Amino acid sequence: MEIALLVYKKLTSTLSESEKSELDNWLADSDENQFLYQSIENYYKNGGDISRLAQLNPNEAWKKVMMQYSSAKRTKTRKMLRATYKYAAILVVALSAGYFYWNQNFKNETTVDAPVQQQEGIVIVFDNGEKIELSSSGQQELVDKQGNKLGQRSGHQLNYANNENMDELVYNTLTIPNGQRFDIILSDNTHVFLNAGSSLRYPVTFLPGKKRQVYLQGEAFFEVTKDKEHPFVVTSDNMDVQVLGTKFNVSAYPEEENINTVLVEGSVRVNATPENIGEDISSVILEPGYMAQWDKTSKSAITEEVDTNLYTSWMQGKLVLRGMKFRDIIKKLERHYGVSIENRNEALNNRIFTATFDVESMEEVLNTFVSETKFDYKIDGKQITILNNQNPDLPMK
0 MEIALLVYKK LTSTLSESEK SELDNWLADS DENQFLYQSI ENYYKNGGDI SRLAQLNPNE
60 AWKKVMMQYS SAKRTKTRKM LRATYKYAAI LVVALSAGYF YWNQNFKNET TVDAPVQQQE
120 GIVIVFDNGE KIELSSSGQQ ELVDKQGNKL GQRSGHQLNY ANNENMDELV YNTLTIPNGQ
180 RFDIILSDNT HVFLNAGSSL RYPVTFLPGK KRQVYLQGEA FFEVTKDKEH PFVVTSDNMD
240 VQVLGTKFNV SAYPEEENIN TVLVEGSVRV NATPENIGED ISSVILEPGY MAQWDKTSKS
300 AITEEVDTNL YTSWMQGKLV LRGMKFRDII KKLERHYGVS IENRNEALNN RIFTATFDVE
360 SMEEVLNTFV SETKFDYKID GKQITILNNQ NPDLPMK
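As structure tokens, this is what we get:
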């Protein structure tokens with residue numbers, strides 16, 4: 000597991016015993032690791048937003064700082080070494096907010112923007128249709144019109160855990176815009192990480208005697224709390240994923256032909272929703288390390304063994320593309336970076352690309368594709384236009 004996610008879980012009191020052991024080993028490795036942790040802990044205690052730490056690895060951030068440090072003018076003074084530690088900690092925290100920060104006294108140059116850019120706000124819709132937009136930072140209590148506390152927002156997490164204010168099934172809907180990620184802890188302590196451009200409809204409180212059912216549009220990673228008496232069901236379009244307690248990823252964006260369910264741990268059953276079950280439709284039981292690809296039209300699934308990291312790395316802020324057509328890549332770029340892309344170069348649509356992006360800016364990503372196939376583009380704020388070049392010798396962006 001990424002160390003940043005362990006740090007995040009430690010500070011939000013969601014760390015398991017096995018994860019605590021892994022984090023303790025990392026802290027014991029070096030003074031630098033302890034310094035990083037203490038800096039992030041202090042930042043959090045002072046009201047800072049650490050939610051994006053779940054998408055980063057402090058080790059990698061540290062390596063970036065040390066690479067820059069070794070290439071800069073070296074000094075052997077203790078003062079400079081302590082400054083290096085300081086900037087490493089700043090880098091990790093700054094990355095968690097969505098950008099690189101670099102102190103001018105350490106390195107006087109502009110660095111690359113991190114990929115996730117802010118756009119419109121995160122919205123909750125109550126059962127009665129009332130909408131509220133969550134604040135962009137700090138903490139916030141979520142209450143209904145009767146004044147009942149439903150949940151607590153801290154940074155990029157909304158927590159409904161142990162909420163017992165409801166005696167009837169009442170649903171909220173959480174919508175995440177493009178360019179952002181967010182996570183929510185449901186009333187049974189199930190942890191859901193939501194990707195950009197996704198929405199989740201869920202009960203404010205899971206009730207005794209009823210199954211735990213949520214409705215997903217988009218992509219999410221689930222860490223489901225075990226409860227044999229109350230199966231957990233994720234419904235997307237015309238497909239259900241049924242579990243007892245497990246870790247899995249579901250990608251169910253409306254514009255995509257398939258719904259992909261990737262099992263990391265435990266066991267899940269994938270089948271049609273009850274109203275769509277017919278004689279020719281059978282269910283599929285997944286084992287860890289396998290993916291069920293559900294065809295929305297035929298209402299059936301095929302399974303294959305996969306590298307689960309490729310399908311869950313979005314939680315660390317990575318964008319992984321494997322053998323994907325450019326027209327489909329555009330949709331992923333729009334969600335990930337919170338931009339709108341118009342492609343006027345139709346010849347690109349069916350080109351196949353494989354790539355992995357991490358902290359690259361939108362322009363750097365486009366230039367990566369340009370290096371493989373010539374095209375020109377222009378960027379106007381959050382609007383990107385890929386031009387239809389008739390002359391391959393035209394100057395490129």
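The numbering of the sequence shown is numbering that gives the first Met the number 0, which starts it at 0 and goes up by one.
Don't be surprised by glycine CBs; every beta carbon is placed ideally from N, CA and C.
Just so it is clear, the structure is predicted and the values come from calculations on it, not from any experiment.
Spatially closest choice to residue i from the options, by CA coordinates
| i | options | result |
| --- | --- | --- |
| residue 307 | 269, 17, 255, 250 | 250 |
| residue 157 | 132, 144, 165 | 132 |
| residue 141 | 183, 178, 176 | 183 |
| residue 191 | 371, 13, 266 | 13 |
| residue 352 | 338, 370, 212 | 370 |
| residue 235 | 246, 198, 262 | 198 |
| residue 150 | 123, 265, 17 | 123 |
| residue 212 | 168, 27, 193, 252 | 168 |
| residue 220 | 344, 346, 345, 313 | 313 |
| residue 232 | 29, 28, 271 | 271 |
| residue 397 | 255, 261, 170 | Absent from the structure is residue 397, since the part of the chain shown begins at 0 and ends at 396. |
| residue 289 | 299, 170, 297, 305 | 305 |
| residue 266 | 171, 245, 134, 121 | 245 |
| residue 120 | 177, 162, 200, 166 | 177 |
| residue 300 | 339, 259, 337 | 259 |
| residue 225 | 214, 237, 215, 210 | 210 |
| residue 166 | 208, 200, 153 | 208 |
| residue 356 | 153, 338, 257, 315 | 315 |
Residue environment, residue i, which counts as buried when at least 16 other CB atoms sit within 10 Å
| i | result |
| --- | --- |
| residue 6 | buried |
| residue 147 | exposed |
| residue 217 | buried |
| residue 322 | exposed |
| residue 2 | buried |
| residue 187 | buried |
| residue 239 | buried |
| residue 397 | No statement about residue 397 is possible, as the shown extent of the chain runs from 0 to 396 and does not include it. |
| residue 346 | exposed |
| residue 405 | This structure cannot speak to residue 405, because the chain is shown only from 0 to 396. |
| residue 202 | buried |
| residue 162 | buried |
| residue 326 | exposed |
Residue interval of the beta strand (DSSP E) (run including residue i)
| i | result |
| --- | --- |
| residue 376 | 376-379 |
| residue 241 | 238-242 |
| residue 216 | 211-222 |
| residue 250 | 246-251 |
| residue 387 | Careful: residue 387 lies outside any beta strand (DSSP E) and carries neither H nor E. |
| residue 190 | 190-193 |
| residue 397 | Shown here, the chain extends from 0 to 396; a query on residue 397 therefore has no answer. |
| residue 173 | 170-175 |
| residue 268 | 267-271 |
| residue 200 | 197-202 |
| residue 292 | 289-294 |
| residue 181 | 181-184 |
Alpha-carbon spacing of residue i relative to residue j, whole angstroms
| i | j | result |
| --- | --- | --- |
| residue 115 | residue 329 | Annotation note: pLDDT 45 at residue 115 (below 50); position unreliable, coordinate value reported separately. Using only the alpha carbons, I get a separation of about 15 Å. |
| residue 348 | residue 175 | 27 Å |
| residue 360 | residue 335 | 11 Å |
| residue 287 | residue 320 | 22 Å |
| residue 386 | residue 365 | 12 Å |
| residue 118 | residue 180 | Caution is warranted here: a pLDDT of 47 is assigned to residue 118, below 50, making its placement in the model unreliable, and the coordinate value is therefore given only provisionally. So the two alpha carbons sit approximately 11 Å from each other. |
| residue 285 | residue 230 | 16 Å |
| residue 241 | residue 377 | 45 Å |
| residue 19 | residue 39 | 17 Å |
| residue 354 | residue 310 | 13 Å |
| residue 331 | residue 137 | 29 Å |
| residue 173 | residue 206 | 20 Å |
| residue 130 | residue 139 | 15 Å |
| residue 396 | residue 372 | With a pLDDT of only 42 at residue 396, under the threshold of 50, the placement of this residue in the model should not be trusted; the figure read from the coordinates follows. Roughly 13 Å separates the two Cα atoms. |
| residue 292 | residue 358 | 29 Å |
| residue 374 | residue 333 | 18 Å |
| residue 381 | residue 196 | 16 Å |
| residue 283 | residue 269 | 5 Å |
| residue 350 | residue 295 | 24 Å |
| residue 144 | residue 204 | 17 Å |
| residue 33 | residue 343 | 51 Å |
| residue 362 | residue 317 | 16 Å |
| residue 243 | residue 367 | 43 Å |
| residue 263 | residue 223 | 12 Å |
| residue 125 | residue 248 | 25 Å |
| residue 128 | residue 171 | 9 Å |
| residue 9 | residue 384 | 43 Å |
| residue 189 | residue 159 | 10 Å |
Residue i - containing alpha helix (DSSP H), residue span
| i | result |
| --- | --- |
| residue 18 | 16-28 |
| residue 3 | 2-10 |
heavy atom of the ligand GTP below 7 Å from residue i C-beta
| i | result |
| --- | --- |
| residue 305 | You won't find the ligand GTP in this model; it holds no ligand whatsoever. |
Discussion item. If we require 3 or more residues per run, which beta strand (DSSP E) segments fall completely within the segment 118-147?
Written reply: List check, beta strand (DSSP E) in window: 122-124, 130-132, 138-142.
Fill in: Entirely enclosed beta strand (DSSP E) segments - the segment 297-380, minimum 3 residues
Listed in chain order, the beta strand (DSSP E) elements of length 3 or more contained wholly in the segment 297-380 are 299-304, 318-324, 339-342, 351-356, 376-379.
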